[in-house]
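Protein chains in written order, with this note's numbering: chain S, 1364 to 1830; chain U, 85 to 266.
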């Protein structure tokens, strides 16, 4: 058994925790009935989601003219929302892949929910380029398939096509990574199921998992290799998203700092969303033993580190715009912080750069309420970051006669709120039907990092030291 | 579909399972397999199992994906329909390569990950709709099972049962298991 330093805080609290207790705790929401709170939140989310689907149907029926876009601001909330959701969708795979490669055991209590969140967020993100095309029924034109248009192929030089490949690869690989981890846990639910429907459903979902020694060897190897593949993938996806902007010649977009800046921002926003969801989930499903204050603190540390990276990027961007001596570039940034959209710039600065700095203090990092509030601030701030980059760069371009303003219409707002509704609907369904904590992984660290076994180890040692 | 009858011993702790297996092996009993609710590190050495080669398949699928991406992009962008985009070089793959690297990378990862995942499902014989094949429903909860084959062991059934009893076993039972689907 792997020995762990005594100074490390236990990751699974409770002196009476056994393997069975972990199973019971994780299966309880799946096997029990939903409470009123769940139903209330679910109905609100579902209503919002259906409203979103309605606005999307309206949008597709009428064309994207119903959005507030104009000749000057040709990209606004659609792409803002797309980048926001993709960014949020970076935390899950980062937690499970990068932290697996670094052998961070604290990932195990949060990776399942974070990955689920990732998958739902990427689904919401993928919706936006789809509906943004206007004619969604020809969206398959983004794929390089033989055609009758004089065998015209998609442009492999374009970051927009890179995005198609990056997002679809990221989504499908994350899904497979998540699902491979879920199979043994579905098998646990299958073997406990009493009702015929549940037994049948979880039997299907668990793929006939056996849990024999060789299967576990393969499981561990596949998890490790998928983590190795997913790690560069995570970094590539948001780098490519940033190149949608960086390879253009718009002042404020044409910046080489974009890829690392976007990746840091993505991790930042993703962890904030994980924090928001986990703080609620942990409370509602009473997972305080497995998702401990230490988990929350470690995530807050990542939030303050990535938040500071984002802050550094904002400032270097600002400095370089002046130092470059390019008047268009300088103006783009001057306009950002003092122009008509200054309020959005300062909201972004306040939410993303200033508020996370509270997490330098241990006491504040371990404060649940503050963590929750700050995570919401970061979610808002990161939406504004994309809005600032996109709209403030576009609304005043090279020709002052072209200068314009962007007003969202009810369709812009409806589609955005709708995706939030759909996202929460999916996440709430996940908490009811899926094991929210990675059962098998938690069991594998119980003896090395559980409070229950930590005590026993020290008891064993006492006679030796006294003798 | 072929099935075989096996003898199982059920344990309620992973350390007891490993100790049990070692004890059985010291008596010359060949242990066929073990079932557990989570991966037990070092179990493969005790059981004398070779480490999986599934990572190699991932590398090979990735190599295949990369090759396919290079060939396809070369055909689309250089041979079949070269496009002049902002005067960028479009007449040789080599000169246009930097712009093609992102998709080559993504496609390599796509093939490596999915190829390996499909191999994993096939090697474990886990696909949707297949029946559960663990000997006891508790082996996915908090119990651990050791599997003894009657074919591989020359001992009588009673001797095997007695040997199991000498370990810290909580239950001994015989059960039929599917060994091959095809």
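We put the beta carbon where it would ideally sit given N, CA and C, even for glycine.
Local Cβ density within 10 Å of residue i, reported as buried at 16 or more and exposed below that
{"i": "residue 143 of chain U", "result": "exposed"}
{"i": "residue 1779 of chain S", "result": "buried"}
{"i": "residue 1503 of chain S", "result": "exposed"}
{"i": "residue 1395 of chain S", "result": "exposed"}
{"i": "residue 1511 of chain S", "result": "exposed"}
{"i": "residue 1638 of chain S", "result": "buried"}
{"i": "residue 89 of chain U", "result": "exposed"}
{"i": "residue 264 of chain U", "result": "exposed"}
{"i": "residue 1761 of chain S", "result": "exposed"}
{"i": "residue 355 of chain U", "result": "It is not possible to answer for residue 355 of chain U, since the shown part of chain U is limited to 85 through 266."}
{"i": "residue 269 of chain U", "result": "Here chain U has residues from 85 to 266 only, and residue 269 of chain U is not among them."}
{"i": "residue 1824 of chain S", "result": "Only weak support exists for where residue 1824 of chain S lies, its pLDDT of 48 falling under 50; the value from the coordinates is given anyway. That one is exposed."}
{"i": "residue 241 of chain U", "result": "exposed"}
{"i": "residue 237 of chain U", "result": "buried"}
{"i": "residue 1434 of chain S", "result": "exposed"}
{"i": "residue 1770 of chain S", "result": "exposed"}
{"i": "residue 1515 of chain S", "result": "exposed"}
{"i": "residue 132 of chain U", "result": "exposed"}
{"i": "residue 168 of chain U", "result": "exposed"}
{"i": "residue 1605 of chain S", "result": "buried"}
{"i": "residue 1628 of chain S", "result": "buried"}
{"i": "residue 108 of chain U", "result": "buried"}
{"i": "residue 1630 of chain S", "result": "buried"}
Own chain, CB closer than 7 angstroms to residue i, minus 5 neighbours either side, in chain order
{"i": "residue 1805 of chain S", "result": "1375, 1385, 1471, 1472, 1653"}
{"i": "residue 1826 of chain S", "result": "Residue placement at residue 1826 of chain S is poorly supported in this model, since its pLDDT is 45, which falls under 50; the coordinates still yield a value, given next. If we look at residue 1826 of chain S and ignore the five residues flanking it on each side, it has no Cβ neighbours."}
{"i": "residue 254 of chain U", "result": "94, 95, 96"}
{"i": "residue 1569 of chain S", "result": "1546, 1549, 1550, 1553"}
{"i": "residue 1658 of chain S", "result": "1469, 1472, 1473"}
{"i": "residue 1594 of chain S", "result": "1460, 1461, 1464"}
{"i": "residue 1562 of chain S", "result": "1553, 1556"}
{"i": "residue 1373 of chain S", "result": "1812, 1813, 1814, 1817"}
{"i": "residue 1317 of chain S", "result": "Nothing about residue 1317 of chain S can be read from this structure; chain S reaches only from 1364 to 1830."}
{"i": "residue 1749 of chain S", "result": "1443, 1446, 1447"}
{"i": "residue 1774 of chain S", "result": "1418, 1421, 1422, 1429, 1430"}
{"i": "residue 1576 of chain S", "result": "none"}
Nonlocal neighbours in the same chain, by C-beta distance under 8 angstroms from residue i, ignoring five residues either side
{"i": "residue 200 of chain U", "result": "138, 139, 141, 142, 145"}
{"i": "residue 1751 of chain S", "result": "1699, 1704, 1707, 1708, 1711"}
{"i": "residue 1539 of chain S", "result": "1589"}
{"i": "residue 256 of chain U", "result": "91, 92, 93, 94, 245, 248, 249"}
{"i": "residue 1791 of chain S", "result": "1401, 1404, 1405, 1408"}
{"i": "residue 1482 of chain S", "result": "1452, 1455, 1534, 1537, 1538, 1541"}
Beta-bridge partners of residue i, as assigned by DSSP
{"i": "residue 233 of chain U", "result": "U:90"}
{"i": "residue 1479 of chain S", "result": "In DSSP, residue 1479 of chain S forms no bridge with anything."}
{"i": "residue 260 of chain U", "result": "U:89"}
{"i": "residue 255 of chain U", "result": "U:94"}
{"i": "residue 118 of chain U", "result": "U:230"}
{"i": "residue 1813 of chain S", "result": "S:1375"}
Closer than 9 angstroms to chain C by CB, residue i
{"i": "residue 138 of chain U", "result": "Going by chain labels, chain C is absent from the structure shown, which instead holds the protein chains S and U."}
Beta-carbon proximity list for residue i, same chain, < 6 angstroms, skipping 5 on both sides
{"i": "residue 1802 of chain S", "result": "1389, 1548, 1551"}
{"i": "residue 1890 of chain S", "result": "Here chain S covers residues 1364 to 1830 and nothing more, so residue 1890 of chain S does not appear."}
{"i": "residue 124 of chain U", "result": "98"}
{"i": "residue 1527 of chain S", "result": "1505"}
Inset, instruction - Scan the stretch 119-134 of chain U for residues whose Cβ lies nearer than 8 angstroms to a Cβ of chain S and list them as they occur along the chain. - result: 119, 120, 121, 122, 123, 124, 125, 127, 128, 131, 133
Inset, instruction - Could you please tell me which residues of the stretch 99-110 of chain U, in chain order, have their CB closer than 8 angstroms to any CB of chain S? - result: 99
Legend entry - Residues, ordered as in the chain, of the stretch 155-188 of chain U that lie near chain S by beta-carbon distance below 8 angstroms: 156, 157, 160, 161, 164, 165, 167, 169, 172, 180, 183, 184, 186, 187
Legend entry - Interface residues of the stretch 228-258 of chain U facing chain S [CB-CB below 7 angstroms]: none
Inset, instruction - At 3 residues or longer, and completely inside the stretch 1543-1589 of chain S: list those beta strand (DSSP E) runs for me, N to C. - result: none
Legend entry - Contact set between the stretch 199-220 of chain U and chain S, restricted to residues whose Cβ is under 8 angstroms from the partner: 200, 201, 204, 205, 207, 208, 209, 210, 211, 212, 213, 214, 215, 216, 217, 218
Inset, instruction - Below 9 angstroms between beta carbons is the criterion; list the residues of the stretch 1592-1609 of chain S that meet it against any residue of chain U, in chain order. - result: 1592, 1593, 1595, 1596, 1599, 1600, 1602, 1603, 1606
Legend entry - Members of the stretch 1562-1588 of chain S that neighbour chain U once the beta carbon cut-off is set at 9 angstroms: 1566, 1567, 1568, 1569, 1570, 1571, 1572, 1573, 1574, 1575, 1576, 1577, 1578, 1579, 1580, 1581, 1582, 1583, 1584, 1585, 1587, 1588
Inset, instruction - Taking only beta carbons into account, state which residues of the stretch 1464-1475 of chain S come closer than 7 angstroms to chain U, listed in chain order. - result: none
Legend entry - Cβ-based contacts, 7 angstroms cut-off: residues of the stretch 1776-1797 of chain S near chain U: none
Legend entry - Contact residues within the stretch 1538-1560 of chain S, judged by C-beta distance below 9 angstroms to chain U: 1539, 1540, 1542, 1543, 1546, 1547, 1548, 1550, 1551, 1552, 1553, 1554, 1555
Inset, instruction - Taking a Cβ distance cut-off of 7 angstroms, strictly less, list which residues of the stretch 1658-1689 of chain S are near chain U, in chain order. - result: none
Legend entry - Interface residues of the stretch 1511-1525 of chain S facing chain U [CB-CB below 9 angstroms]: 1513, 1514, 1515, 1516, 1517, 1518, 1519, 1520, 1521, 1522, 1524, 1525
Legend entry - Every unbroken beta strand (DSSP E) inside the stretch 1373-1424 of chain S [3 residues or more]: none
Inset, instruction - Pick out the complete alpha helix (DSSP H) segments inside the stretch 1769-1809 of chain S, 4 residues or longer, and give them in chain order. - result: 1773-1796
Legend entry - Contact set between the stretch 1377-1393 of chain S and chain U, restricted to residues whose Cβ is under 7 angstroms from the partner: 1381, 1382, 1383, 1386
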